[in-house]
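Remarks on the structure that follows.
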Amino acid sequence: MKTLRVALGERSYDIRMEGGCLKNAGEHIRAVCPRAKKLFVVTDSNVGPLYGGTVLDSLEATGFDRRLLVIPAGEESKNAALLSNLWEEMLEFGLTRTDAVVALGGGVVGDLAGFAAATVLRGVDFIQLPTTLLAQVDSSVGGKVAIDLRHGKNLAGAFHQPKLVLMDPETLSTLDDQTFSDGMAEVIKYGCIADRAFFDRLAAHPSRKEIMSDIESVLYTCCDIKRQVVEEDELDTGRRMLLNFGHTIGHAYELAGNYTAWTHGQAVAAGMVTAAKLGVSLGVTPADVPQQVEALCAAFGLPTSIPCDIQTYASAVGRDKKGAGTDISVILLEEIGRAVAHKMPKAQLVRLLNSFDKIP
Ligand code: GLY
Numbered sequence: 478m479k480t481l482r483v484a485l486g487e488r489s490y491d492i493r494m495e496g497g498c499l500k501n502a503g504e505h506i507r508a509v510c511p512r513a514k515k516l517f518v519v520t521d522s523n524v525g526p527l528y529g530g531t532v533l534d535s536l537e538a539t540g541f542d543r544r545l546l547v548i549p550a551g552e553e554s555k556n557a558a559l560l561s562n563l564w565e566e567m568l569e570f571g572l573t574r575t576d577a578v579v580a581l582g583g584g585v586v587g588d589l590a591g592f593a594a595a596t597v598l599r600g601v602d603f604i605q606l607p608t609t610l611l612a613q614v615d616s617s618v619g620g621k622v623a624i625d626l627r628h629g630k631n632l633a634g635a636f637h638q639p640k641l642v643l644m645d646p647e648t649l650s651t652l653d654d655q656t657f658s659d660g661m662a663e664v665i666k667y668g669c670i671a672d673r674a675f676f677d678r679l680a681a682h683p684s685r686k687e688i689m690s691d692i693e694s695v696l697y698t699c700c701d702i703k704r705q706v707v708e709e710d711e712l713d714t715g716r717r718m719l720l721n722f723g724h725t726i727g728h729a730y731e732l733a734g735n736y737t738a739w740t741h742g743q744a745v746a747a748g749m750v751t752a753a754k755l756g757v758s759l760g761v762t763p764a765d766v767p768q769q770v771e772a773l774c775a776a777f778g779l780p781t782s783i784p785c786d787i788q789t790y791a792s793a794v795g796r797d798k799k800g801a802g803t804d805i806s807v808i809l810l811e812e813i814g815r816a817v818a819h820k821m822p823k824a825q826l827v828r829l830l831n832s833f834d835k836i837p
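When we follow this note's numbering, the leftmost residue of the sequence shown carries the number 478, and every step to the right adds one.
Here it is as structure tokens:
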């Protein structure tokens, strides 16, 4: 079993990864929640039928009293009504402050269950059992939990670090190709922002089959990069912004497709390519970088450009959390493997992004 320790003082925790480890979820959770009697498990309608039984059996065998709540699969579930329902169900179950909430699923389940855990009874322990590639390399690590509001995604939330992130790479075998590719966008992002050798390794093995043949090491590399960034900037006031490479522009693309035409990973992939082009036009990024990012995204079936009009760019830039007054910090590449936050006027960013779409 590969293990990484996220060192955050009394909020420190392990990220553990091993094929088949969900079968022993109970023992792993017992080790980090020694006083817990009850575990409230949240999963979704896709993941529950696949892995819910395995996890519940293991929790029961370890002596936990457990309840499973299945939410509808999909981003629409990250809403205030479902959150409130979760709180009520947790209290109905008799959850106390020494008990814990377990998220079994992808980013939606982790974000919603995590926010419920952060807030019910003013906060209870939380365990992440991520089952998608995106959740394993990104959203399950770092403690960001949230729901979506009418005004945008993740606009009500908290920082609530898990007690444990336990990932079983075997769960990736049941993902459809598009969901796997979505996660690859974040995997590629780590190469772009922090690890040239990792980027080259992905480029030399550009298929799902090859990635899966070395998946524990891919997960380890991504989580290790995220671990370092989170340790340095837990509350996202500085270096953690670098993890948002491709995301500001990606949010514009998600909005352009009304959050249905493009998935988050697809929008981030196209956003990374545009961010690379933006970096070239601002004199920060070497001219050969956009083509390399584009080729790697395309190899994993990700789009490399998405149509977007100036109004959509303006609203996405306006609501970005990295904005301050009339300026915004956009993440650019000084080279593949090194990212930098570049402060610029929002209006200039919107004008430049709009001009790229006009270039044939
Ligand atoms: N997904 C970006 C972060 O955790 O900061």
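Every residue gets a Cβ at the ideal spot worked out from N, C-alpha and C, and that includes glycine.
Could you pull out every unbroken alpha helix (DSSP H) segment of at least 4 residues lying fully inside the stretch 699–754, listed in chain order? 724–733
Within its chain, find whatever has a CB closer than 7 Å to the CB of S489; leave out the 5 residues flanking it on each side and keep chain order. The residue you call residue 489 lines up with position 12 of the sequence shown. Only R482 and V483 meet the Cβ criterion.
Rounded to whole angstroms, what's the CA-CA distance from D672 to I702? Just pull it up for me. In the sequence shown, the residue the question calls residue 672 occupies position 195. In the sequence shown, the residue the question calls residue 702 occupies position 225. Near 8 Å, if we compare the C-alpha coordinates of I702 and D672.
Measuring from the CB of N721, is there a heavy atom of ligand 1 at a distance below 7 Å? Within the sequence shown, numbered from 1, the residue matching residue 721 stands at position 244. Under cutoff, so the answer is yes.
Is R716 near ligand 1 - that is, is its Cβ less than 7 Å away from at least one heavy atom of it? Start at 1 with the first residue of the sequence shown, and residue 716 comes out as number 239. No - ligand 1 has no heavy atom lying nearer than 7 Å to the Cβ of R716.
If I measure Cβ to Cβ from G620 and keep anything under 6 Å in the same chain, skipping five residues before and after, which residues do I get? Locating residue 620 in the sequence shown gives position 143, counting from the first residue. The answer, listed in chain order, is F636, H637 and Q638.
For D576, verify whether its CB is less than 7 Å away from any heavy atom of ligand 1. As a working mapping, residue 576 is identified with position 99 in the sequence shown. Outside the cutoff, so no.
With contact counted as at least three CB pairs below 8 Å, one residue from each stretch, are the stretch 605–622 and the stretch 540–548 in contact? no
For G619, verify whether its CB is less than 7 Å away from any heavy atom of ligand 1. In the sequence shown, the residue the question calls residue 619 occupies position 142. G619 Cβ: within cutoff of ligand 1.
Just to confirm the assignment: which complete beta strand (DSSP E) runs, minimum length 3, are found wholly within the stretch 613–643? 621–626 and 629–636
Using DSSP bridges, identify the partner residues of I805. For this step, residue 805 is matched to residue 328 along the sequence shown. According to DSSP, which records beta bridges pairwise, I805 is partnered with G800 and M821.
In whole angstroms, give me the CA-to-CA distance for G540 and N831. Indexing the sequence shown from 1 puts residue 540 at position 63. Indexing the sequence shown from 1 puts residue 831 at position 354. Roughly 58 Å between the two C-alpha positions.
Short Cβ contact (8 Å threshold) for L719 with I808: Within the sequence shown, the letter at position 242 stands for residue 719. Within the sequence shown, the letter at position 331 stands for residue 808. Yes; because the gap between Cβ atoms is below 8 Å, this pair is in contact.
Buried or exposed, going by whether 16 or more other CB atoms sit within 10 Å of the CB of R512? Taking the sequence shown and counting its residues from 1, the one referred to as residue 512 is at position 35. Exposed, because fewer than 16 other Cβ atoms sit within 10 Å of the Cβ of R512.
Between which residues of its own chain and F676 is the CB-CB distance below 6 Å, once the five residues before and five after are set aside? In the sequence shown, the residue the question calls residue 676 occupies position 199. Cβ within range, chain order: G668 and I813.
By the 10 Å Cβ neighbour count, where 16 or more other Cβ atoms means buried, how is E487 classified, buried or exposed? The residue you call residue 487 lines up with position 10 of the sequence shown. When all chains shown are included, E487 counts as exposed.
I'd like the list of long-range same chain contacts for A557, defined as Cβ closer than 8 Å, with 5 residues on each side in sequence excluded. Mapped onto the sequence shown, residue 557 falls at position 80. For A557, where only same-chain residues beyond five positions count, the Cβ hits under 8 Å are I624, L626 and A633.
V827 to S792, Cα distance in whole Å? Here the question's residue 827 lines up with position 350 in the sequence shown. Here the question's residue 792 lines up with position 315 in the sequence shown. If I take the Cα positions, the gap works out to 9 Å.
How is G668 classed by DSSP in three states: helix, strand or coil? Stepping through the sequence shown from its first residue, residue 668 is reached at position 191. G668 falls in the helix class under three-state DSSP.
Looking at ligand 1, does it come within less than 7 Å of D659, judged from the CB to the closest heavy atom? Reading the sequence shown from its first residue, position 182 is the one you call residue 659. Every heavy atom of ligand 1 is 7 Å or more from the Cβ of D659, so no.
Let's test the definition: count the other Cβ atoms within 10 Å of the Cβ of S522 and tell me whether it reaches 16, buried, or not, exposed. The count along the sequence shown starts at 1 and reaches residue 522 at position 45. By the 10 Å Cβ count, S522 comes out exposed.
Could you tell me which residues DSSP pairs with E812 in its beta bridges? By 1-based counting over the sequence shown, the position of residue 812 is 335. Note: E812 sits in a beta bridge opposite R815.
Can we count D797 as close to ligand 1, meaning its CB is less than 7 Å from some heavy atom? Position 320 of the sequence shown, counting from 1, holds the residue named residue 797. False, no ligand heavy atom lies under 7 Å from that Cβ.
Within 10 angstroms of the Cβ of G715, are there 16 or more other Cβ atoms? Answer buried if so, exposed if not. Here the question's residue 715 lines up with position 238 in the sequence shown. By the 10 Å Cβ count, G715 comes out exposed.
Considering only their Cβ atoms, is the gap separating I726 from A746 smaller than 8 Å? Counting from one through the sequence shown, the residue named residue 746 turns up at place 269. Counting from one through the sequence shown, the residue named residue 726 turns up at place 249. No; because the gap between Cβ atoms is not below 8 Å, this pair is not in contact.
Please classify D765: does DSSP put it in a helix, a strand, or coil? Indexing the sequence shown from 1 puts residue 765 at position 288. The answer is coil: DSSP assigns D765 none of H, G, I, E or B.
Three or more C-beta pairs under 8 Å: does that hold for the stretch 644–664 against the stretch 736–746? yes
Any heavy atom of ligand 1 closer than 7 Å to the CB of D645? Residue 645 sits at position 168 when you count from the first residue of the sequence shown. Checking every heavy atom of ligand 1 against the Cβ of D645, none is found closer than 7 Å.
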